[in-house]
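Enquirer: So in UniProt numbering, spot 236 of the sequence shown is number 236, and the numbers just go up one at a time.
We treat Cβ as the ideally placed atom computed from N, Cα and C, and that holds for glycine.
Input: one structure, supplied below.
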Amino acid sequence: MQAIPPVDGRAPHNCFLFLCLLLLSGCVPAATGEDQHEAFEPTAGAQTETVPPHGGFRIVAFGDSLTAGLGLSAEEAYPARLQERLDAAGYRARVINSGVSGETTAGGLRRMDWALEGDVQILILALGGNDGLRGLPVDQMRDNLARMIVAARDGGAQVLLAGMEAPPNFGTDYAHRFRGVFEQLAAEFEVVFLPFLLEGVAGVAALNQADGIHPNAAGAGRVAAHIWPALEPMLRAAQRSGAAGAHSGGS
Numbered sequence: 001m002q003a004i005p006p007v008d009g010r011a012p013h014n015c016f017l018f019l020c021l022l023l024l025s026g027c028v029p030a031a032t033g034e035d036q037h038e039a040f041e042p043t044a045g046a047q048t049e050t051v052p053p054h055g056g057f058r059i060v061a062f063g064d065s066l067t068a069g070l071g072l073s074a075e076e077a078y079p080a081r082l083q084e085r086l087d088a089a090g091y092r093a094r095v096i097n098s099g100v101s102g103e104t105t106a107g108g109l110r111r112m113d114w115a116l117e118g119d120v121q122i123l124i125l126a127l128g129g130n131d132g133l134r135g136l137p138v139d140q141m142r143d144n145l146a147r148m149i150v151a152a153r154d155g156g157a158q159v160l161l162a163g164m165e166a167p168p169n170f171g172t173d174y175a176h177r178f179r180g181v182f183e184q185l186a187a188e189f190e191v192v193f194l195p196f197l198l199e200g201v202a203g204v205a206a207l208n209q210a211d212g213i214h215p216n217a218a219g220a221g222r223v224a225a226h227i228w229p230a231l232e233p234m235l236r237a238a239q240r241s242g243a244a245g246a247h248s249g250g251s
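This is the structure in structure tokens:
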């Protein structure tokens with residue numbers, strides 16, 4: 001497991017308010033204990049691909065409204081902010097925003113094969129928050145995430161797993177087991193691991209939109225900055241394997 005320590009050594013922010021407001025915002029239906037995610041049919045606008053001038057391999061940011069950039073323009077969401085960093089560093093890679101608002105891990109699993117089409121070398125897996133909101137079975141979430149990791153690995157992609165937090169209203173035991181899923185998967189599959197996607201952003205008013213839930217443009221930039229130290233070594237590994245030719249003069 002390649003764990004990335006929390007910013008300034010802090011524990012992940014208690015995101016009870018964040019998660020409850022997410023539920024109230026209409027991004028997901030109320031918790032029932034069952035997965036109510038509607039069938040997802042891929043459309044042309046379901047993924048936003050940011051294409052640098054010289055092409056390159058693909059990085060898929062796979063998640064929910066936090067990844068989709070609800071309330072932001074495509075250029076302001078964190079996948080686009082990652083693209084800016086890639087371009088500035090000279091990497092030839094395209095960041096694909098594959099975020100769907102309200103997505104659960106079950107919904108993500110259903111569209112994973114489609115999301116991995118093409119030369120995908122890195123998958124940023126940032127799902128689970130909506131499972132926690134609904135109080136869905138932790139074992140079910142774990143199985144879904146594990147199957148997505150395996151699918152990405154089988155397709156030749158590296159995986160960056162971003163952890164989420166569950167609201168405490170389902171009890172401390174549920175919250176503990178929920179958090180443990182991400183830690184266990186990171187150790188089992190030895191993937192790069194961010195304990196909390198919104199570290200340093202959740203609960204900070206200046207970095208969130210008026211709903212207090214979703215990062216604003218500055219917050220999305222902070223999320224990208226949080227991901228970057230974990231992502232860049234993966235880019236270098238892809239480069240060494242011949243997937244990226246930016247620094248080697250490849251065509």
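Per DSSP, which residues does PHE196 bridge with? Please list them.
Expert: According to DSSP, which records beta bridges pairwise, PHE196 is partnered with nothing at all.
Enquirer: With distances taken between CB atoms, is the gap from TYR78 to GLY135 smaller than 8 Å?
Expert: Contact: no.
Enquirer: How many angstroms separate the CA atom of ASP131 from the CA atom of HIS226?
Expert: Cα to Cα, ASP131 sits roughly 23 Å from HIS226.
Enquirer: Beta-carbon within less than 6 Å of ILE149's beta-carbon, same chain only, minus the 5 sequence neighbours each way: which residues are those?
Expert: The answer, listed in chain order, is VAL159 and PHE189.
Enquirer: Do the stretch 227-234 and the stretch 106-124 touch if we need at least three Cβ pairs shorter than 8 Å?
Expert: The stretch 227-234 vs the stretch 106-124: in contact.
Enquirer: Please return the same chain residues whose Cβ sits closer than 7 Å to the Cβ of residue 282, not counting the five positions on each side in sequence.
Expert: Examination of residue 282 is not possible in this model, given that the chain is present from 1 through 251 alone.
Enquirer: For a quick check, are the C-beta atoms of LEU127 and LEU185 less than 8 Å apart?
Expert: No, the pair does not count as a contact, with Cβ atoms beyond the cut-off.
Enquirer: In the DSSP assignment, find the beta strand (DSSP E) that holds GLY97 and state where it starts and stops.
Expert: Looking at the sequence shown, residue 97 is not Gly but Asn. Here the beta strand (DSSP E) through ASN97 covers 93-99.
Enquirer: Where does GLU205 land, buried or exposed, given buried means 16+ other C-beta within 10 angstroms?
Expert: Strictly speaking, residue 205 in this sequence is Ala, with Glu absent from that position. Classification for ALA205: exposed.
Enquirer: For my contact list, ALA93 and GLY56 are in at a C-beta cut-off of 8 Å; report their separation, rounded to the angstrom.
Expert: Confirmed, about 4 Å.
Enquirer: State the start and end residues of the unbroken beta strand (DSSP E) segment that holds ALA126.
Expert: Run containing ALA126: 120-126, per the beta strand (DSSP E) assignment.
Enquirer: Under the three-state reduction of DSSP, which class applies to ASN208: helix, strand or coil?
Expert: The answer is strand: DSSP assigns ASN208 an E or B state.
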